[in-house]
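**Student:**
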């Protein structure tokens, strides 16, 4: 102790010297254990109320100096001076920081509760800190000191459980590995179809999403029904019905896109379809305006267009918005012709031109000839001689006119495909739809190398323009633009930014219409997108969509809750009928089966009489391009069983093999499971417990299967005789084990003798059985050590029981001799095969033999 500590109060009373010294020592030791600022646990911060409570308790003991000294030691470890506490308390009182109006007992009760809570928190925090540090230290030790080949260790562990992946044999019933018979391989793609993409979609997120999901699912179910029945089904109309009539801009894009696709079902000409759609869309709008303004006479097409012009090209004061319009009888004649062409009303445009021929200027006199040729042409193209003349007039007079009518310029450009370096006329194209229509009108479908460069403008050129602009310039129309311009792969990618669930069904519709270029090998391509666009793949410079992954990824959030619906969607992978997509469809369905384990729903079940009830997948055989039930069992169920077997999922593979009617493989696997259970369970442990059932316990499972297979002759014929005999033998051995566990030694020995595995008769039998040992099934060989121990143990107990009896008789002596003879034969047998058994087994047998 240092001289700074005053010991005089403790020495004042000689009689209490020993007790005070002990108290002091205890305080010193206790103070050392109190966490300080250097402790790993952190310092204890005492509140003002805590200090006040402790001071109050000290005053109650009437030990002024003595108790103060103890408090001094108590607070020493916390680094807090006692004098400072006194001063602080006085200052706090003077400033009324401590509530005096609260009764002391109430304050003390609240303080006690608070202190107890803080104490518990500190203890738990300290324990958590120590556990965390210990875990980190252990991980560090493992990383620094253990260098293991984990792949090798995994195989060793799997081998220890009988999962001998690399040691498969033939399914001829003669040479079969315990758990893994060699089976056909399948789908060795190295990646999962169902779990290969990122998805934030959750169809169970809320009511609205779930409702939309269910509506789509019903459409797909009816779609598959119609396909299977060979009936007509307009998928686009059905999906438009799901989207409804929402005014939301994103939903409107989807609706318009489906309407465009609806037009495509009768035409594969992208340009013609796009023009027709835009013209019909425009005329619908004209009709809508006409209904609101019925002041243009009879509802003829020409009058409707006039009404549109009056509405759109005039100011509020009835003046024309453009000053250089050619107006005849109050109507801008060139604007009228342009908008008639815009609405696809070519004959009406020709009618207006003929009626107003006298109003055309001298340089426009040939226009009527050009327009007649254009309208009468099947492909709306001018003959070569007319085209050349029109181009000349356009260049010399129309294009260079400073105050010319912009609609006249647009009409000439459209009819003659003039000046393709400037495809747009801003004064005329009032909307994005007008801009699109102008471009489609200028595209030449069958370009040739003989055409001048300035007359070349193809769909591919226009597509490049669309891609270069991107969605920024037409965000609310970009999806329709991509669809109309034939950029279907980009349309699917962009649709993901609007709605994943709608994008998936857009892809389905495009595949159904044979419009989408699909692939299944993104590894060989190059992805040029991120996030939700990961299904777009560049393959040899061409955009393709991984349709299988789209559907597989879509099922993520509902494959467990709705496996039937998931199956309906995955079946669509084979929608285009290509061999590659059909195989992917089969693989995806196998993954669904193995992942969800909904075997009954997806594959069906086996009744007690051995008959099989088909599941939802088998009901769709034609859609998966499978010829019959046998083809289905091989391609889907059996290969799924093989995969489960390779992954060590024994119970899954067992059920799948049964569903695929591979009954011989089922018995082979069950035999392996029986052998494993019998050889690895201690003899003093029961093989069947009250918690076991015929789906988890190999013995109960085997009894159920044997009863079914024996009763059903068709099934029985598919199982090799040796496999059936081995299974029955194991079940008899299990019965002997049950009798042995019940300590019924005589009955157990009789059951073992009935197995005819061990030599019970004489030494010659022992030598013969030993020679036959190497020819036995490996599964049976694993159980001979336990069988020998059971036999010797039964003999030992029986002889001991006989020796304990008081009476003596010839029969008793003969019985003991007979038992010793069996023991001798078993030991001879064991001695001849001892090096093929564990060392401890032979040691146990010798010990039992000595007891005999």
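Residue numbers (UniProt numbering): 1 to 852. Even for Gly, the Cβ is constructed at its ideal location relative to N, Cα and C. All of these numbers come straight from a predicted model, not from anything done at the bench.
Just verifying my parser: in three-state terms, what is the DSSP assignment at residue 332?
**Tutor:** Strand, per DSSP.
**Student:** Suppose the cutoff is 7 Å on Cβ atoms and the five residues either side in sequence are ignored; what does the same chain contact list for residue 435 look like?
**Tutor:** 424 and 429.
**Student:** Just to confirm before moving on: does the CB-CB distance between residue 336 and residue 354 stay below 9 Å?
**Tutor:** No. Outside cutoff.
**Student:** Can you give me the Cβ contacts of residue 591 inside the same chain, cut-off strictly under 7 Å, excluding the 5 residues immediately before and after it?
**Tutor:** Hits under 7 Å: 192, 193 and 194.
**Student:** Would you report the Cα separation of residue 56 and residue 206, rounded to the nearest angstrom?
**Tutor:** One C-alpha to the other measures close to 60 Å.
**Student:** Along the chain, where does the beta strand (DSSP E) containing residue 816 start, and where does it finish?
**Tutor:** Unbroken run through residue 816 is the alpha helix (DSSP H), 810-832; no beta strand (DSSP E).
**Student:** Decide if the stretch 225-241 is in contact with the stretch 617-624; the criterion is three or more beta carbon pairs, one per stretch, under 8 Å apart.
**Tutor:** Verdict: yes, contact present.
**Student:** Rounded to a whole number of angstroms, what is the C-alpha to C-alpha distance between residue 815 and residue 839?
**Tutor:** Cα to Cα, the separation comes out at about 31 Å.
**Student:** Using the Cβ count rule (16 or more neighbours within 10 Å means buried), how would you classify residue 248?
**Tutor:** The residue in question, residue 248, is exposed, as its Cβ has fewer than 16 Cβ neighbours within 10 Å.
**Student:** By the 10 Å Cβ neighbour count, where 16 or more other Cβ atoms means buried, how is residue 813 classified, buried or exposed?
**Tutor:** Its Cβ having fewer than 16 others within 10 Å, residue 813 is exposed.
**Student:** Inspect the beta-carbon positions of residue 784 and residue 823 and report whether they are closer than 9 Å.
**Tutor:** No, the Cβ-Cβ distance between residue 784 and residue 823 is not below 9 Å.
**Student:** Indicate whether the contact test is met: 3 or more Cβ pairs, each with one atom in the stretch 764-778 and one in the stretch 714-721, closer than 8 Å.
**Tutor:** Output reads no: the stretch 714-721 does not touch the stretch 764-778.
**Student:** Would you decide whether residue 845 is buried or exposed? Buried here means 16 or more other CB atoms lie within 10 Å of its CB.
**Tutor:** Buried: at least 16 other Cβ atoms inside 10 Å.
**Student:** Taking the alpha-carbon of residue 654 as reference, which of 611, 684 and 599 has the nearest alpha-carbon?
**Tutor:** Looking at the Cα atoms, 599 is the closest of the given residues.
**Student:** How about residue 616 and residue 568: do their beta carbons lie closer than 9 Å?
**Tutor:** Yes. Within cutoff.
**Student:** Thinking C-beta only, is residue 213 closer than 9 Å to residue 501?
**Tutor:** Going by C-beta atoms, residue 501 is nearer than 9 Å to residue 213.
**Student:** On the DSSP bridge assignment, give the partners of residue 539 in chain order.
**Tutor:** Its beta-bridge partners are 542.
**Student:** By how many angstroms is the C-alpha of residue 218 removed from the C-alpha of residue 632?
**Tutor:** Cα-Cα distance, rounded: 25 Å.
**Student:** Between residue 374 and residue 382, what straight-line distance do the alpha-carbon atoms span, to the nearest angstrom?
**Tutor:** Spanning the two alpha carbons is a distance of roughly 5 Å.
**Student:** Quick test of your reading: residue 407 and residue 338, contact by CB under 8 Å. State the CB separation rounded to the nearest angstrom.
**Tutor:** With a Cβ gap of about 4 Å, residue 407 and residue 338 count as contacting.
**Student:** Can you have a look at residue 686 and say buried or exposed, based on whether 16 or more other CB atoms are within 10 angstroms of its CB?
**Tutor:** Exposed is the call here.
**Student:** Between residue 650 and residue 594, what straight-line distance do the alpha-carbon atoms span, to the nearest angstrom?
**Tutor:** Approximately 12 Å, taken between the alpha carbons.
**Student:** Span of the alpha helix (DSSP H) holding residue 781?
**Tutor:** Looking at the DSSP string, the run of the alpha helix (DSSP H) that includes residue 781 is 778-781.
**Student:** Would you call the CB atoms of residue 315 and residue 333 closer than 9 Å?
**Tutor:** No. Outside cutoff.
**Student:** What does the alpha-carbon distance come out to for the pair residue 273 and residue 301?
**Tutor:** Taking the straight line joining both Cα atoms gives about 22 Å.
**Student:** Between residue 663 and the rest of its own chain, which residues show a CB-CB distance below 6 Å, the 5 nearest in sequence each way excluded?
**Tutor:** Cβ within range, chain order: 715, 718 and 719.
**Student:** Look at the alpha carbon of residue 805 and the alpha carbon of residue 713, and state the distance between them as a whole number of angstroms.
**Tutor:** The straight-line gap from Cα to Cα measures roughly 52 Å.
**Student:** Residue 340: buried (16+ other C-beta within 10 angstroms of its C-beta) or exposed?
**Tutor:** It is buried - the Cβ of residue 340 has at least 16 other Cβ atoms within 10 Å.
**Student:** Using the rule of at least 16 other Cβ atoms within 10 Å of the residue's Cβ for burial, across every protein chain shown, is residue 348 buried or exposed?
**Tutor:** Buried: at least 16 other Cβ atoms inside 10 Å.
**Student:** What is the rounded straight-line gap between the Cα of residue 437 and the Cα of residue 257?
**Tutor:** Going from the Cα of residue 437 to the Cα of residue 257 covers about 16 Å.
**Student:** Just to confirm the assignment, what range does the beta strand (DSSP E) spanning residue 406 have?
**Tutor:** Where residue 406 is concerned, there is no enclosing beta strand (DSSP E), although the alpha helix (DSSP H) it sits in stretches over 406-416.
**Student:** What I want to know is whether the C-beta of residue 702 ends up closer than 8 Å to one or more non-hydrogen atoms of the ligand ZN.
**Tutor:** This structure lacks the ligand ZN, and indeed carries no ligand of any kind.
**Student:** In angstroms, rounded to a whole number, what distance separates the CA positions of residue 221 and residue 517?
**Tutor:** Rounded to the nearest angstrom, the two C-alpha atoms are 24 Å apart.
**Student:** Under 8 Å by Cβ, that's how I've got residue 788 and residue 755 pegged, so tell me the actual separation to the nearest angstrom.
**Tutor:** With a Cβ gap of about 12 Å, residue 788 and residue 755 do not count as contacting.
**Student:** Ignoring anything shorter than 4 residues, give me the alpha helix (DSSP H) runs that lie fully in the stretch 199-234, in order along the chain.
**Tutor:** DSSP runs (the alpha helix (DSSP H)) wholly in the stretch 199-234: 207-229.
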